[in-house]
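Engineer: My questions all concern the structure below.
Numbering (full-length UniProt numbering), first residue to last: 1 to 522.
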């Protein structure tokens, strides 16, 4: 006898999972259980203030995944994945963009139907997580000078707002998910799930690790979980199981359950339930470069997050989305540059250009059926045959150097200290930047949607896992391609869209026995 029976099991209480649990339980006749491997964020003060985002990284909640050695990129990247209610929305900077038309057109070109700009904009507009431009009192004057210089040097429009237009280019302070009056972050745990926990039809299980899916006769009927005290339990779903564990742990869970590339499963010691080659493939992430200058004069620490502003631009005139997205952090994330030998002065300023639309494709895979064994990750950064990712990384730093020559920003600078003023040749500049690039923690696309005849597609256009009934994926792993800009806004909109699809596809379920411990948090 299973411990819990619910209409919907949501596996993963992160950015998307909190939305799924709260929205599905709005229907009083539907029972929902959300299973989260980590603890609640309710009493974790570091998760509540968006200014403290970096205190959540590489600590007790961070799975801190590492990659295998990289052929052409940085082999020392630490990929943050948060095991706590709210997931990465408790630790990111919540820079939130309305889903871009160009990204969604790219998805449509890959055979994904029903995810057009109008549909996704409507989902974005109903988000409960407040998103607002950085407030005037949080705008650092030093950063404001850099923004003004970027607009002038690169001929970009200055933007006070971003989400009221289809963004291609611009410079300005971003729109982020926070309350300017209190600096409280708009995590989906605080804005969606925790306020709904008094509903008798909603159960939240925290500190409960999902080991594998329970599949019977080709249908996902539940999950096997292990609690913090070591008890193994089985949870069942009458209607559907929805995976929202993120772009590393969702494919890992599928593979531990026997769904994935047959050769990988056999090598890991997992019986093959369904040979689904695309699981774990197509990994995409934004590679981030770095340029650092020694600065003069005293600087203010005023900010909302410390990563409040930047600029987006096209390098290729026919691009339908930005090619480079550059952030202007208050303090450089320079650990990789320092490992490379750079001397970063205490008084410094930096830009971080991102490759907005990477064409390199990596993978994630399991090596053991044990849920406590970290999956392997291979970004395969800068391996696209055309070399476009490498070209965009180099171009991002070259454009940043133009900004550094422009007043009023130029007046604050003493000299470039990384990569260094003598590093100018394309091959030399590329080598330094590739060896020291950083992730922006935007790993995506590892269980992607695709056309019916696409052998690499894990999901159909309604987020259903191909070949297994009663099972969907609703997180960034479902993206066909990574969004050009920070993906959290699109992840939240995807979760809202998933709720629409689940409701539309819901069948009449005659068995309405009540869930056990409804409304409880364990």
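Backbone N, C-alpha and C define an ideal beta-carbon position, used for all residues, glycine too.
Short of 7 Å in beta carbon distance, which residues of its chain neighbour residue 503, apart from the five on each side in sequence? Order them along the chain.
Structural biologist: Within the chain shown, numbered from 1, the residue matching residue 503 stands at position 503. Same-chain partners within the cutoff: there are none.
Engineer: Beta-carbon within less than 6 Å of residue 261's beta-carbon, same chain only, minus the 5 sequence neighbours each way: which residues are those?
Structural biologist: The residue labelled residue 261 in the question sits at position 261 within the chain shown. The answer, listed in chain order, is 277.
Engineer: With a threshold of 7 Å on Cβ separation, who are the neighbours of residue 111 within its own chain once the five nearest residues in sequence on each side are excluded?
Structural biologist: Stepping through the chain shown from its first residue, residue 111 is reached at position 111. If we look at residue 111 and ignore the five residues flanking it on each side, its Cβ neighbours are 450, 451 and 454.
Engineer: Applying the 10 Å Cβ sphere with the 16-neighbour rule, what's the burial state of residue 512?
Structural biologist: For the purposes of this step, residue 512 is taken as residue 512 along the chain shown, with counting starting at 1. Residue placement at residue 512 is flagged as unreliable, the pLDDT there being 40, under the threshold of 50; a coordinate-derived value is accordingly withheld.
Engineer: If you draw a straight line from the alpha carbon of residue 19 to that of residue 145, how long is it in whole angstroms?
Structural biologist: Taking the first residue of the chain shown as 1, we reach residue 19 at position 19. Taking the first residue of the chain shown as 1, we reach residue 145 at position 145. When rounded, the distance between both Cα atoms is 38 Å.
Engineer: Looking at residue 321: is its Cβ nearer than 8 Å to the Cβ of residue 287?
Structural biologist: Start at 1 with the first residue of the chain shown, and residue 321 comes out as number 321. Start at 1 with the first residue of the chain shown, and residue 287 comes out as number 287. Cβ atoms of residue 321 and residue 287: not closer than 8 Å.
Engineer: Does the segment 461 to 472 come into contact with the segment 285 to 304, if we say contact requires no fewer than three beta-carbon pairs (one atom in each stretch) closer than 8 Å?
Structural biologist: Flag = no, the segment 461 to 472 and the segment 285 to 304 do not touch.
Engineer: Cβ of residue 500 within 7 Å of any heavy atom in the ligand SAH?
Structural biologist: Ligands in the displayed structure: none, and consequently the ligand SAH is not present.
Engineer: Just verifying my parser: in three-state terms, what is the DSSP assignment at residue 441?
Structural biologist: Counting from 1 along the chain shown, the entry for residue 441 is found at position 441. Coil at residue 441, not helix or strand.
Engineer: Locate the beta strand (DSSP E) running through residue 291, then write down its first and last residues.
Structural biologist: What you label residue 291 is simply residue 291 of the chain shown in a count that begins at 1. Start and end: 291 to 295.
Engineer: Determine the contact status of residue 334 and residue 350, defining contact as a CB-CB distance below 8 Å.
Structural biologist: Within the chain shown, residue 334 is the residue found at index 334, counting from 1. Within the chain shown, residue 350 is the residue found at index 350, counting from 1. It is a contact, given that the beta carbons lie within the stated cut-off.
Engineer: Determine the burial state of residue 495: buried for a count of at least 16 other Cβ atoms within 10 Å of its Cβ, exposed for fewer.
Structural biologist: Residue mapping note: residue 495 aligns to position 495 of the chain shown, counting from 1. Under this definition residue 495 is a buried residue.
Engineer: Quick one, which of 236, 76 and 67 has its alpha-carbon nearest residue 31's?
Structural biologist: Mapped onto the chain shown, residue 31 falls at position 31. Out of 236, 76 and 67, 236 has the C-alpha closest to the C-alpha of residue 31.
Engineer: Say whether the segment 295 to 309 touches the segment 369 to 389, bearing in mind that this needs 3 or more beta-carbon pairs closer than 8 Å, one atom from each stretch.
Structural biologist: The segment 295 to 309 is not in contact with the segment 369 to 389.
Engineer: Going by DSSP, which residues form a beta bridge with residue 401?
Structural biologist: What you label residue 401 is simply residue 401 of the chain shown in a count that begins at 1. Paired residues: none, contrary to the question.
Engineer: Within the 8 Å Cβ cut-off, does residue 491 reach chain B?
Structural biologist: Absence of chain B from the displayed structure is noted, only one protein chain being present.
Engineer: CA-CA distance, residue 178 and residue 13?
Structural biologist: In the chain shown, the residue the question calls residue 178 occupies position 178. In the chain shown, the residue the question calls residue 13 occupies position 13. Using only the alpha carbons, I get a separation of about 20 Å.
Engineer: Assuming the contact rule is C-beta atoms closer than 8 Å, residue 49 and residue 185 should be a hit. Round their C-beta distance to whole Å, please.
Structural biologist: Taking the chain shown and counting its residues from 1, the one referred to as residue 49 is at position 49. Taking the chain shown and counting its residues from 1, the one referred to as residue 185 is at position 185. Right, the Cβ-Cβ distance comes to about 7 Å (below 8 Å), so this counts as a contact.
Engineer: With distance defined between alpha-carbon atoms, name the residue in 248, 130 and 98 nearest to residue 525.
Structural biologist: Limits of the chain in this structure are 1 at one end and 522 at the other, which puts residue 525 out of reach.
Engineer: Between 79, 362, 105 and 244, which lies nearest to residue 319 when the distance is taken from Cα to Cα?
Structural biologist: Residue 319 sits at position 319 when you count from the first residue of the chain shown. Per the Cα distances, 105.
Engineer: Per the contact definition of three or more C-beta pairs closer than 8 Å, is the segment 425 to 437 in contact with the segment 159 to 171?
Structural biologist: No: the two stretches stay apart, fewer than three of their Cβ pairs being nearer than 8 Å.
Engineer: Take residue 447 as the anchor and find which of 431, 365 and 385 has the nearest alpha-carbon.
Structural biologist: Stepping through the chain shown from its first residue, residue 447 is reached at position 447. Considering only alpha carbons, the answer is 365.
Engineer: Between residue 4 and residue 501, what straight-line distance do the alpha-carbon atoms span, to the nearest angstrom?
Structural biologist: Start at 1 with the first residue of the chain shown, and residue 4 comes out as number 4. Start at 1 with the first residue of the chain shown, and residue 501 comes out as number 501. Going by the C-alpha atoms only, they are around 24 Å apart.
Engineer: Cutting at 6 Å between CB atoms, please list the residues of its own chain near residue 414, excluding the five before and the five after it.
Structural biologist: Start at 1 with the first residue of the chain shown, and residue 414 comes out as number 414. Excluding positions up to five away in sequence, the list reads 294 and 296.
Engineer: Using CA atoms only, rank isn't needed, just tell me which of 33, 136, 374 and 486 is closest to residue 200.
Structural biologist: Translated into the one-based positions of the chain shown, residue 200 becomes position 200. Looking at the Cα atoms, 33 is the closest of the given residues.
Engineer: Please tell me whether residue 22 and residue 148 are closer than 8 Å, where the distance is taken between their beta carbons.
Structural biologist: The residue labelled residue 22 in the question sits at position 22 within the chain shown. The residue labelled residue 148 in the question sits at position 148 within the chain shown. No, the pair does not count as a contact, with Cβ atoms beyond the cut-off.
Engineer: Please list the terminal residues of the continuous alpha helix (DSSP H) segment that includes residue 248.
Structural biologist: By one-based count along the chain shown, residue 248 stands at place 248. 246 to 256 is the span of the alpha helix (DSSP H), which, as asked, contains residue 248.
Engineer: Counting along the chain, where does the alpha helix (DSSP H) carrying residue 148 start and finish?
Structural biologist: Locating residue 148 in the chain shown gives position 148, counting from the first residue. Looking at the DSSP string, the run of the alpha helix (DSSP H) that includes residue 148 is 141 to 154.
Engineer: In angstroms with no decimal places, state the Cα-to-Cα distance between residue 7 and residue 426.
Structural biologist: In the chain shown, counting from the first residue as 1, residue 7 sits at position 7. In the chain shown, counting from the first residue as 1, residue 426 sits at position 426. Rounded to the nearest angstrom, the two C-alpha atoms are 57 Å apart.
Engineer: Between the C-alpha atoms of residue 233 and residue 227, what's the straight-line distance to the nearest angstrom?
Structural biologist: On the chain shown, residue 233 is found 233 positions in, with the first residue counted as 1. On the chain shown, residue 227 is found 227 positions in, with the first residue counted as 1. Cα-Cα distance, rounded: 8 Å.
Engineer: At which residues does the beta strand (DSSP E) containing residue 340 begin and terminate?
Structural biologist: In the chain shown, counting from the first residue as 1, residue 340 sits at position 340. Where residue 340 is concerned, there is no enclosing beta strand (DSSP E), although the alpha helix (DSSP H) it sits in stretches over 335 to 340.
Engineer: Go to residue 115, then tell me how far its alpha helix (DSSP H) extends in each direction, as first and last residue.
Structural biologist: Residue mapping note: residue 115 aligns to position 115 of the chain shown, counting from 1. Here residue 115 belongs to no alpha helix (DSSP H), and DSSP marks it neither H nor E.
Engineer: If you drop the 5 nearest sequence neighbours on each side, which residues of the same chain put their C-beta closer than 6 Å to that of residue 462?
Structural biologist: Stepping through the chain shown from its first residue, residue 462 is reached at position 462. Closer than 6 Å at Cβ, skipping near neighbours: 501.
Engineer: Note down the Cα distance separating residue 393 from residue 190, rounded to an integer number of angstroms.
Structural biologist: On the chain shown, residue 393 is found 393 positions in, with the first residue counted as 1. On the chain shown, residue 190 is found 190 positions in, with the first residue counted as 1. Looking at the two C-alpha atoms, the distance is approximately 36 Å.
Engineer: Thinking just about the alpha-carbon of each residue, which of 84, 35, 266 and 78 is nearest to the one in residue 42?
Structural biologist: As a position in the chain shown, residue 42 is number 42, starting the count at 1. Selected option, being the one with the closest Cα: 84.
Engineer: If we count the other Cβ atoms within 10 Å of its Cβ and call it buried at 16 or more, is residue 75 buried or exposed?
Structural biologist: Taking the chain shown and counting its residues from 1, the one referred to as residue 75 is at position 75. Exposed, by the Cβ-count rule.
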